[in-house]
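Asker:
There are 2 protein chains.
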Amino acid sequence: MKRRVFLTAATAGMAAGAVAKPAIAQSAPEIRWRMTSAFPKSLDTLFGGGELLAKHVAEATDGKFIIQPFAPGEIVGAPQAADAIGSGTVEMGHTCSYYYVGKDPTFAIGTNLPFGLNSRQTNAWLYHGNGNDLLNAFYAKHNLFALPAGNTGAQMGGWFRKEIKTVQDLQGLKMRIAGLAGQIMSKLGVVPQQIAGGDLYPSLERGTIDAAEWVAPYDDQKLGLNKVAPYYYYPGFWEGGPAIHFFINLQKWNELPKAYQAAIQAAAGYANVDTQAKYDARNPAALRSLLGAGAQLRPFSPEIMDAAYKAANEIYDDLSAKNPDFKKIYDSYKAFRNEEYLWFQVAEYAYDSFMIRARARG
Amino acid sequence: MKRRVFLTAATAGMAAGAVAKPAIAQSAPEIRWRMTSAFPKSLDTLFGGGELLAKHVAEATDGKFIIQPFAPGEIVGAPQAADAIGSGTVEMGHTCSYYYVGKDPTFAIGTNLPFGLNSRQTNAWLYHGNGNDLLNAFYAKHNLFALPAGNTGAQMGGWFRKEIKTVQDLQGLKMRIAGLAGQIMSKLGVVPQQIAGGDLYPSLERGTIDAAEWVAPYDDQKLGLNKVAPYYYYPGFWEGGPAIHFFINLQKWNELPKAYQAAIQAAAGYANVDTQAKYDARNPAALRSLLGAGAQLRPFSPEIMDAAYKAANEIYDDLSAKNPDFKKIYDSYKAFRNEEYLWFQVAEYAYDSFMIRARARG
């Protein structure tokens, strides 16, 4: 763009009205970014959040700032995304912070902690509870800047080949579950397994594993796990309101014109509400379909929930003792959660309770 | 801007690189809009949603598209906003659709119906359940284009001078409550009153009225009603998830450059998630403070909830029989609600239930 500005200024004696032109041109440079998504295109609700951001940024900048989403593996795989963005190999990504707990367990809090905030509370903490600022101070150590990009809402607890009623039933159970959730389950006797989504069906069919968690009805339906592991447990207590994030290379973010930063921020906010809305709109029909195809809904027993809650708190105490970043952010998150449920148990919960009962009565 | 373009082209033989300039200039015209807010600045959470939109649109357009928010009465009052926007007196507004039920009861559905969708479900219906399209087809008859702009979440049922336990206790009770909620309460024996927010305190203190509904703890706290009507009922079954809207004059919207439309759409989405997040972040401390100052929390009794639910459905049946626009949109909304609670009663509700119990146990 600089060349154009030079030519314009050079062509003739500048009319007063033309003085503004170079400023416009400079503030709207042509920029192309690549965005590595951690979500395969088959998970259209998640992948679509990145496409939505790209579309609105392109439109709002009159096609000057183009962000192109790439499926996992086209540039780097999901596990490598944080490093690739931090190092500047790719300018930005669309991913879940908790995929990077191997680098530092503090990454988990950005998405959600087991028995943590629900979806709305997560947004409240991020945008207006100091969460975004606390997280970005941590992410900056990894050369990342993050913006909330969506939420799935409370997830399901996954698919089990047999009913489980007690903690005893979990002993030796091979379950596909990762991260802090895997550590909690491990304390309860489960043997956590790391298996890619595409391998879950044959693994459950063959009995290589006994259970697998994925997301919620709309995404789960695509894997067809109900045919090989019919018991569909809830709630996924390890994912009560997991946030999706856009991760951006910190220098690249700081170098963006302010107008482009504003376009990304607004589009990320829109992607946030839109992604949750899409999940909420699509999960009911998928649940209905799964139930029609033989899925057996089962709540986790109070015994299992209580044991998992205790195990989670032990893990948080351990991590807080060892990791100052984790402690600092967890302390904020935990205190916020306590306040949130003081309020959510009143109008919101009473309203939903009545509506659920009214629906059941027809 | 046209004058500038002409001057530039006229100054000298145009260099190839300069050809793009007029296009940039034309696609980024300087536009100033006024936005009439229906919310006083004292309701900073609501008024702030309009400011957030204005800020992001201004930044994303490099200061070319300026939207200036005005408090109610500075241009027109909240009740006149829809007409003023439709007629083009003012380009846009930040308001609640249900303030205009006097024009047509169909306006109510845009915000929320009593016993309707909760906040997340409202977004799901609007963005991905055909709600926005159905509503905009209706709003077009009033020369309006609407974008969701926020939500308060489930509201409280208001402040009562005396405890009410039965429908009998509601007979002759003078309550500040408007719109369809007022019609429902009227069927239950209440005498609905129309009183401005600022007059609620003296009216309750003097006993001119017996009860008043407002919003939820953060906004309610500002009015101090706990001192004159200590019984604080929940849930506000008439506002389980009320949406805020940006209303835009339809021609003005259609005439906007596509880039400016994209900037508004993204910023409106961001304002939507941000407004809900702000309420969710601020309500807990306000509730705690109100309880500390003597507010007495009371749930509406099942008898009152059931009677109100029945009354609401009768009103919807009546309106559907008389008003094809209402019927068309209500049918979509009602069917969507039935599907939503099929799903929300599973993972989401079970998760919140556990977290509320876990908090109560410490």
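Heads up: the protein sequence lines correspond to chains V and F, in order.
In this text, residue positions in the first sequence follow the working numbering: the first is 1, and each later residue adds one.
In this text, residue positions in the second sequence follow the working numbering: the first is 363, and each later residue adds one.
Glycine included, every Cβ here is placed at the ideal spot set by N, Cα and C.
(1) Please classify F/Lys616: is it buried, with 16 or more other beta-carbons within 10 angstroms of its beta-carbon, or exposed?
(2) Whole alpha helix (DSSP H) runs in the region 149 to 232 of chain V with 4 or more residues, listed along the chain?
(3) Mark F/Asp636 as exposed unless 16 or more other C-beta atoms lie within 10 angstroms of its C-beta, in which case mark it buried.
(4) Quick check: F/Phe428 and F/Thr451, are their CB atoms within less than 9 Å of each other?
(5) Could you please tell me which residues of the region 150 to 174 of chain V, in chain order, have their CB closer than 9 Å to any CB of chain F?
(6) Measuring only the C-alpha atoms, how far is F/Leu506 from V/Gln221?
(7) Would you please verify whether the beta carbon of V/Trp125 is less than 9 Å from any beta carbon of chain F?
(8) Out of V/Pro40, V/Pro105, V/Tyr127, V/Leu297, which has the shortest C-alpha to C-alpha gap to V/Lys322?
(9) Taking three-plus beta-carbon pairs below 8 Å as touching, is the region 623 to 636 of chain F in contact with the region 412 to 419 of chain F?
(10) Could you tell me whether the Cβ of F/Leu659 comes closer than 9 Å to any Cβ of chain V?
(11) Determine the chain F residues that contact V/Pro284 at a beta-carbon separation under 8 Å, and present them in chain order.
(12) State the DSSP-derived secondary structure class of F/Phe500, mapped to helix, strand or coil.
(13) When you compare the CB positions of V/Gly241 and V/Ala154, do they come within less than 9 Å of one another, or not?
(14) Would you check if there are 3 or more beta carbon pairs closer than 8 Å linking the region 175 to 194 of chain V to the region 204 to 216 of chain V?
(15) Can you check which of these residues, F/Ala390, F/Arg394, F/Phe401, is closest to V/Lys64 by C-alpha distance?
(16) Could you please tell me which residues of the region 402 to 418 of chain F, in chain order, have their CB closer than 7 Å to any CB of chain V?
(17) Quick one: Cα of V/Gly224 to Cα of V/Tyr201, how far?
(18) Anything in chain F within Cβ reach of V/Lys258, meaning under 7 Å, just list it in chain order.
(19) Once DSSP output is grouped into helix, strand and coil, what is the label at F/Val708?
(20) Should F/His607 be flagged as near chain V, meaning a C-beta pair shorter than 9 Å?
(21) For F/Phe716, which three-state DSSP category applies?
(22) Can you find the residues in the same chain that come closer than 8 Å, C-beta to C-beta, to V/Ser332, ignoring five residues on each side of it along the sequence?
(23) Between F/Phe608 and F/Ala499, which are expected to be in contact by the criterion C-beta below 8 Å, what is the C-beta distance as a whole number of angstroms?
(24) Determine the extent of the beta strand (DSSP E) in which F/Ile606 is found, giving its start and end residues.
(25) State the Cα-Cα distance for the pair V/Ile184 and F/Gly435, rounded to the nearest angstrom.
(26) I'd like to know if the region 77 to 91 of chain V and the region 110 to 117 of chain V are in contact, where contact means that at least 3 CB-CB pairs between them fall below 8 Å.
(27) Kindly indicate the opening and closing residues of the alpha helix (DSSP H) around F/Gly472.
(28) Between V/Gly389 and chain F, is any beta-carbon pair separated by less than 9 Å?
(29) For V/Trp238, which three-state DSSP category applies?
(30) Have a look at V/Ala149 and V/Leu43 and give me their C-alpha separation to the nearest angstrom.
(31) Less than 9 Å between the beta carbons of V/Ile304 and V/Leu173, yes or no?
(32) Please classify F/Asn485 as buried or exposed, where buried requires at least 16 other C-beta atoms within 10 Å of its C-beta.
(33) For the candidate residues F/Lys465, F/Ala440, F/Gly464, F/Lys672, whose alpha-carbon lies nearest to that of F/Ile457?
(34) Interface residues of chain V around F/Leu649 at Cβ under 8 Å?
(35) Here's the rule I'm using: 16 or more other beta-carbon atoms within 10 Å means buried, otherwise exposed. How should V/Arg361 be labelled?
(36) Taking the alpha carbon of V/His142 as the point to measure from, which residue in V/Gln194, V/Gly158, V/Asn249 has its own alpha carbon closest?
Answerer: In brief:
(1) Position 254 of the second sequence, counting from 1, holds the residue named residue 616 of chain F. In the sequence on display, residue 616 of chain F carries Asn and not Lys. Exposed.
(2) 179 to 187, 200 to 206, 217 to 223
(3) Position 274 of the second sequence, counted from the start, is the residue given in the question as residue 636 of chain F. Flag for F/Asp636 reads buried.
(4) Within the second sequence, residue 428 of chain F is the residue found at index 66, counting from 1. Within the second sequence, residue 451 of chain F is the residue found at index 89, counting from 1. The sequence given here has Ile at residue 428 of chain F, not Phe. The answer is no: Cβ separation not under 9 Å.
(5) Gly153, Ala154, Gln155, Met156, Gly157
(6) Indexing the second sequence from 1 puts residue 506 of chain F at position 144. Indexing the first sequence from 1 puts residue 221 of chain V at position 221. Roughly 39 Å separates the two Cα atoms.
(7) As a first step, residue 125 of chain V must be located in the first sequence, where it is residue number 125. Cβ-Cβ to chain F under 9 Å: yes for V/Trp125.
(8) Counting from one through the first sequence, the residue named residue 322 of chain V turns up at place 322. Closest option to V/Lys322, Cα to Cα, is V/Pro105.
(9) yes
(10) Residue numbering aside, residue 659 of chain F sits at position 297 when the second sequence is read from its first letter. Answer yes: the Cβ-Cβ gap between F/Leu659 and chain V drops below 9 Å somewhere.
(11) Locating residue 284 of chain V in the first sequence gives position 284, where the first residue counts as 1. The contacting residues are Glu701, Glu702, Leu704, Trp705.
(12) Locating residue 500 of chain F in the second sequence gives position 138, counting from the first residue. In this structure, DSSP gives F/Phe500 a helical state, which the three-state scheme calls helix.
(13) For the purposes of this step, residue 241 of chain V is taken as residue 241 along the first sequence, with counting starting at 1. For the purposes of this step, residue 154 of chain V is taken as residue 154 along the first sequence, with counting starting at 1. Yes, these two residues count as a Cβ contact at 9 Å.
(14) yes
(15) Counting from one through the first sequence, the residue named residue 64 of chain V turns up at place 64. Among F/Ala390, F/Arg394, F/Phe401, the Cα nearest to that of V/Lys64 is on F/Ala390.
(16) His418
(17) Indexing the first sequence from 1 puts residue 224 of chain V at position 224. Indexing the first sequence from 1 puts residue 201 of chain V at position 201. So the two alpha carbons sit approximately 7 Å from each other.
(18) As a first step, residue 258 of chain V must be located in the first sequence, where it is residue number 258. Result: Glu421.
(19) The residue given as residue 708 of chain F occupies position 346 in the second sequence. The answer is coil: DSSP assigns F/Val708 none of H, G, I, E or B.
(20) The sequence position of residue 607 of chain F within the second sequence is 245, counting from 1. Not one chain V Cβ lies under 9 Å of F/His607.
(21) Position 354 of the second sequence, counted from the start, is the residue given in the question as residue 716 of chain F. Reduced to three states, the DSSP call for F/Phe716 is helix.
(22) Your numbering for residue 332 of chain V matches position 332 in the first sequence. Taking V/Ser332 as the centre and dropping the five residues before and after it, the same chain places the C-beta of Trp125, Gly129, Asn130, Gly131, Leu134 closer than 8 Å to its C-beta, in chain order.
(23) Reading the second sequence from its first residue, position 246 is the one you call residue 608 of chain F. Reading the second sequence from its first residue, position 137 is the one you call residue 499 of chain F. With a Cβ gap of about 17 Å, F/Phe608 and F/Ala499 do not count as contacting.
(24) As a first step, residue 606 of chain F must be located in the second sequence, where it is residue number 244. Here the beta strand (DSSP E) through F/Ile606 covers 605 to 611.
(25) Locating residue 184 of chain V in the first sequence gives position 184, counting from the first residue. Locating residue 435 of chain F in the second sequence gives position 73, counting from the first residue. Roughly 57 Å separates the two Cα atoms.
(26) Output reads no: the region 110 to 117 of chain V does not touch the region 77 to 91 of chain V.
(27) The residue given as residue 472 of chain F occupies position 110 in the second sequence. Per DSSP, F/Gly472 belongs to the alpha helix (DSSP H) from 469 to 473.
(28) Absent from the model: residue 389 of chain V. The displayed extent of chain V is 1 to 362, so no value can be given.
(29) As a position in the first sequence, residue 238 of chain V is number 238, starting the count at 1. Correct three-state label for V/Trp238: coil.
(30) Your numbering for residue 149 of chain V matches position 149 in the first sequence. Your numbering for residue 43 of chain V matches position 43 in the first sequence. Distance between the alpha carbons of V/Ala149 and V/Leu43 is about 15 Å.
(31) Locating residue 304 of chain V in the first sequence gives position 304, where the first residue counts as 1. Locating residue 173 of chain V in the first sequence gives position 173, where the first residue counts as 1. It is not a contact, given that the beta carbons lie outside the stated cut-off.
(32) Along the second sequence, one-based indexing puts residue 485 of chain F at 123. Classification for F/Asn485: buried.
(33) Within the second sequence, residue 457 of chain F is the residue found at index 95, counting from 1. For clarity, residue 457 of chain F is Thr in the given sequence; the question names Ile instead. Taking only the C-alpha atoms, the option nearest F/Thr457 is F/Ala440.
(34) Taking the first residue of the second sequence as position 1, residue 649 of chain F is located at position 287. Simply Leu342, Trp343, Val346.
(35) Taking the first residue of the first sequence as 1, we reach residue 361 of chain V at position 361. Classification of V/Arg361: exposed, given that the 10 Å Cβ count is below 16.
(36) For the purposes of this step, residue 142 of chain V is taken as the residue at position 142 of the first sequence. When only C-alpha atoms are compared, the closest one is V/Asn249.
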